[in-house]
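Data block below; observations after.
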Amino acid sequence: VAHDPDIDALLPLPPATFHILVALAEEDRHGYAIIQDIAARTNDEVRLSAGTLYRSIQRMQEQGLIAETRQRPAPELDDERRRYYRLTPFGSAVARAETRRLAQMVRLARASGLAPEKA
Amino acid sequence: MRAYRFLLYFYPAGFRAEYGDEMCAIFARRRQNASGLASVASLWVGAVADNVTTAWRVHGDILRQDLRYTARSVMRSPGYAVAALLVTALGIGATTAAFSVTDHVLVRPLAFANSDRLVKIWERQPQYPRMELSPANFRDLKARASSFEAMAAYVSRPVNFVGRRDPRRLEGAIVTADLLPMLGVRPVIGRLFAHDDDREGAPGTLLLSQRIWQSEFGADPGVLGQVVRLDDATFSIIGVLPAGFNFPARDVEIWQPARFRQVLFEDRRDNYLQAIGTLRPVVSIDQARSDLNVIAEDLARTYPKENSQTRVSVIPLRDELGPQTRLLLTALFGAALSLLLIACTNLASLLLARVLGRRGELAVRTALGAGRERLVRQLLTESLLLSLLGGVIGRCSRPQGFRCWSGSYPWRSP
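Shown next, in the form of structure tokens:
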């Protein structure tokens, strides 16, 4: 796998950043939807606070991982106060690189008997 | 919700403007979902903790960003940075050095035991208001004075020192056995002088400074009892005095006991001893002065040829500086403050010139969406960083200026 220094410089990602990238991988979401999606995926084990979410969003926007999108849902489903975010191609590449890194870590842990073999 | 909005004031204004409404909306939803007093209370505790801790992190993010930007900006114009640093360092260095000397000399109590009761004793003649004491007069004053808890004498005496290495010329002092306990000094190793060390014909003993113990003997505790040569006589080392004990001079390295020979008491005009004393707790300085002058008048009657006009002055040790010296120190501090003001003015002019030169850059940043708060914060960070670095350089250069100015007030300096 070729290494991109811009991507490598961001790894390992903070857990909140990775969760947000995963939440935006499926579709564009607003802040509260991101929190709900992460809670649902993790069986309510990870519930981001508003402060953590928006600090992460600010940094991720500066790093080019996500961007605010102008596309909005149908007016009857929309709330004008909401801002929607989407994954950028760079964000997607970083999320894949982090996933590979985590998978490698899990493989290493399995080889050492620290994690159960894949079912 | 107003309370929650208040919590958002912990964040920078830009962050609040960008995300404040959404954060409020999220909190409102969670508040709707919370039922029962316990869950509402838990929600609020969580919100306070979250906003306070995250706000600090957001401020930290911005600070890091500003510092990176400042570093890049300084690299682009190193001449400006060097000039600003030098101006700041000069102003802060001179002011801290002058303040340190003034503080130690005029403000702080002396770093000795019972420093408020320590006094300096001078002989006084009509032509000479402050003269050293002769050994005979010191002996008689000490023996007969009732106002003093202790009285001791000393004289500076440089010596040729031959230890383990090459011979060296060292600053030294000859002191009576009472002096060191009176000042409350405790040896690092060994002991202080006992009265037996201080009598005529006693074997030579000496105390080393910690500095010379480390440089000459490698801080070897086995140094006690070793014999060294001072000038043409041998002395055995009995102890080491702690670093920071600078009496009677800043650079004194060797102390030896006075061991007055009888012949020294024969001439009352042989004035070379400096004398200090500790007043008894209930005795005022005026009472001590009267006490000593009664003895001096009695000595004048007994030894009219040498002592007819000899009286005694007693002044607090910390007031030993004359009014002229005090004025000089105050003026020095004032001059250093003026220098700081000049440095500040120059720095302000430099900063102003720089900001004027960066108008284009600031306009572009404003056009790209940077708010006034963000720009002010960036410029403030830049100025504060330069001031801080200048301050550090100034603070590091302080010891040089401090040594230069504090040489005249040895035992008052740290």
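Each protein sequence line maps, in turn, to chains V and P. Residue numbers for the first sequence follow my numbering, beginning at 30 and rising by one. Residue numbers for the second sequence follow my numbering, beginning at 306 and rising by one. Built from N, CA and C at the ideal position, the CB exists for glycine as well.
Per DSSP, residue i is paired with what?
i: P/I559; result: P/G477, P/L513
i: P/I426; result: P/A580, P/V619
i: V/H59; result: V/Y113
i: P/A538; result: P/L535
i: P/M436; result: P/E428
i: V/I49; result: None; V/I49 has no bridge partner.
i: P/G495; result: P/G544
Are there 16 or more other CB atoms within 10 angstroms of the CB of residue i, so buried, or fewer, so exposed?
i: P/P562; result: buried
i: V/V135; result: exposed
i: P/D536; result: exposed
i: P/S718; result: Any reading at P/S718 needs caution, since the residue's pLDDT is 46, under 50, leaving its predicted position unreliable; the model's value is listed next. Buried: at least 16 other Cβ atoms inside 10 Å.
i: V/E91; result: exposed
i: P/M328; result: buried
i: P/G699; result: buried
i: P/I542; result: buried
i: P/M306; result: exposed
i: P/F320; result: buried
i: P/Y324; result: buried
i: P/Q629; result: exposed
i: P/V480; result: buried
i: P/V392; result: buried
i: P/S613; result: exposed
i: P/Y309; result: buried
i: P/D624; result: exposed
i: P/T539; result: exposed
i: P/V410; result: buried
i: P/I647; result: exposed
i: P/N551; result: buried
i: P/H500; result: exposed
i: P/R682; result: buried
i: P/V406; result: buried
Considering just the uninterrupted stretch of the alpha helix (DSSP H) at residue i, what are its terminal residues?
i: V/S121; result: 118-140
i: P/V599; result: 590-607
i: P/F315; result: That residue, P/F315, is in no alpha helix (DSSP H); it is neither H nor E in DSSP.
i: P/N356; result: 342-381
i: P/V660; result: 628-662
i: V/M89; result: 79-92
i: P/P526; result: Taken as a continuous stretch (DSSP letters only), P/P526 belongs to no alpha helix (DSSP H), as it is neither H nor E.
i: P/L484; result: 484-488
i: V/P34; result: 34-37
Do residue j and residue i have their beta-carbon atoms positioned less than 8 Å apart in this structure?
i: V/I36; j: V/A52; result: no
i: V/R125; j: V/L40; result: no
i: P/A399; j: P/L633; result: no
i: P/I367; j: V/A79; result: no
i: P/E778; j: P/A416; result: Here chain P has residues from 306 to 719 only, and residue 778 of chain P is not among them.
i: P/G495; j: P/V545; result: yes
i: V/V123; j: V/L94; result: yes
i: P/T375; j: P/L642; result: no
i: P/S589; j: P/R435; result: no
i: P/R616; j: P/N598; result: yes
i: P/Q579; j: P/V460; result: yes
i: P/M487; j: P/A450; result: no
i: P/D421; j: P/P414; result: yes
i: P/F498; j: P/A524; result: no
i: P/L656; j: P/S702; result: no
i: V/Y114; j: V/A96; result: yes
i: P/A360; j: P/E678; result: no
i: P/T686; j: P/D371; result: yes
i: P/P547; j: P/Q515; result: yes
i: V/V75; j: V/A69; result: no
i: P/L529; j: P/I559; result: no
i: V/T81; j: V/A45; result: yes
i: P/L446; j: P/I600; result: yes
i: P/V568; j: P/A478; result: no
How far does the beta strand (DSSP E) with residue i in it extend, from its first residue to its last?
i: P/Y459; result: 453-461
i: V/E97; result: 95-98
i: P/L411; result: It is not in any beta strand (DSSP E) - P/L411 carries neither H nor E in the DSSP assignment.
i: P/V467; result: 464-467
Does the beta-carbon of residue i, which I'm using as the reference point, lie nearer than 7 Å to any heavy atom of the ligand MG?
i: P/R362; result: The ligand MG is absent from the structure shown, which contains no ligands of any kind.
Can you pull the chain A neighbours of residue i, defined as C-beta to C-beta under 8 Å?
i: P/G351; result: Within the model displayed, chain A is absent; protein chains V and P are what it includes.
- Message: I'd like to know if the segment 451-469 of chain P and the segment 623-643 of chain P are in contact, where contact means that at least 3 CB-CB pairs between them fall below 8 Å.
- Response: no
- Query: Would you call the segment 347-364 of chain P and the segment 311-320 of chain P touching, i.e. three or more CB-CB distances under 8 Å?
  - Reply: yes
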